[in-house]
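Student:
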Amino acid sequence: CFSSAGTGKMVKIDGKMDGAKYWTILEENLMESAKDLRLRRRFVFQQDNDPKHKAKSTMEWFKNKHIQVLEWPSQSPDLNPIENLWKELKTAVHKCSPSNLTELELFCKEEWEKMSVSGTPPTPSLHLPTTQQW
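Residues in the sequence shown are numbered from 18 upward in steps of one, following my numbering.
This is the structure in structure tokens:
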């Protein structure tokens, strides 16, 4: 995750991502990242409309944690601001030339922690004046 304050934790996903795994990642990482980024309890979470993101258990988790989830238009990956960071990360990791999976994981984590969201170009068609943090 990321916000205007910086990047949160990057989590390695072993195996196939499903609703249960997504819920566990949120449970174990989101609030800690929000705390590390000094977002306090008031932030808006953005995710796309992937079924695992919209699963009943996931949406109940957000409700129980009092986290507002931004409504997101279907079929709109180009609007997602994290896509800019994924591109930047991919470019940075490629320059490191990892030679195996262990190096790839290490370089991903190192480069993610170095990333500056202030240098990430804004998504031009996304205008959410009331949302200060992602």
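From the three backbone atoms N, C-alpha and C, an ideal C-beta is built for every residue, glycine too.
Can you give me the Cβ contacts of Val86 inside the same chain, cut-off strictly under 6 Å, excluding the 5 residues immediately before and after it?
Tutor: For the purposes of this step, residue 86 is identified with residue 69 of the sequence shown, where counting begins at 1. Cβ neighbours of Val86 beyond the five flanking positions: Phe62, Phe79.
Student: Under 8 Å by Cβ, that's how I've got Glu122 and Ala109 pegged, so tell me the actual separation to the nearest angstrom.
Tutor: The residue you call residue 122 lines up with position 105 of the sequence shown. The residue you call residue 109 lines up with position 92 of the sequence shown. In fact, because the Cβ distance is near 14 Å, the residues do not count as touching under 8 Å.
Student: Does the segment 95-102 come within contact of the segment 66-83, defined as at least 3 CB pairs closer than 8 Å?
Tutor: no
Student: Just how far apart, CA to CA, sit Thr45 and Ile30?
Tutor: Taking the first residue of the sequence shown as 1, we reach residue 45 at position 28. Taking the first residue of the sequence shown as 1, we reach residue 30 at position 13. Inspection of the sequence shows that residue 45 is occupied by Glu rather than by Thr. Roughly 13 Å between the two C-alpha positions.
Student: Taking 9 Å as the cut-off, decide whether the C-beta atoms of Gly23 and Ser133 are in contact.
Tutor: Position 6 of the sequence shown, counting from 1, holds the residue named residue 23. Position 116 of the sequence shown, counting from 1, holds the residue named residue 133. Closer than 9 Å, so yes.
Student: Rounded to whole angstroms, what's the CA-CA distance from Lys52 to Phe19? Just pull it up for me.
Tutor: In the sequence shown, the residue the question calls residue 52 occupies position 35. In the sequence shown, the residue the question calls residue 19 occupies position 2. Near 12 Å, if we compare the C-alpha coordinates of Phe19 and Lys52.
Student: How close, in whole Å, do the beta carbons of Lys126 and Met27 come, if the pair is a contact with beta carbons under 8 Å?
Tutor: Stepping through the sequence shown from its first residue, residue 126 is reached at position 109. Stepping through the sequence shown from its first residue, residue 27 is reached at position 10. Taking the Cβ atoms as the reference, Lys126 lies roughly 6 Å from Met27, within the contact range of under 8 Å.
Student: Since Gln85 sits in a beta bridge, which residues does DSSP pair it with?
Tutor: Here residue 85 corresponds to residue number 68 of the sequence shown, with the count starting at 1. In DSSP, Gln85 forms a bridge with Val61.
Student: Find the nearest neighbour of Ala37 within the set Lys73, Glu120, Pro90, Leu118, judged by alpha-carbon distance.
Tutor: In the sequence shown, residue 37 corresponds to position 20, counting from 1. Considering only alpha carbons, the answer is Lys73.
Student: By DSSP's criteria, Ser20 is part of a beta bridge. Which residues make up the other side?
Tutor: The sequence position of residue 20 within the sequence shown is 3, counting from 1. Ser20 pairs with Gly23.
Student: Once DSSP output is grouped into helix, strand and coil, what is the label at Ser116?
Tutor: The residue you call residue 116 lines up with position 99 of the sequence shown. Coil, per DSSP.
Student: At what residues does the alpha helix (DSSP H) containing Met48 begin and finish?
Tutor: As a working note, residue 48 is residue 31 in the sequence shown. Residues 48-53.
Student: Check whether the Cβ of Ser116 lies closer than 8 Å to any heavy atom of the ligand FAD, and answer yes or no.
Tutor: In the structure shown, the ligand FAD is absent, as is every other ligand, since no ligand is present at all.
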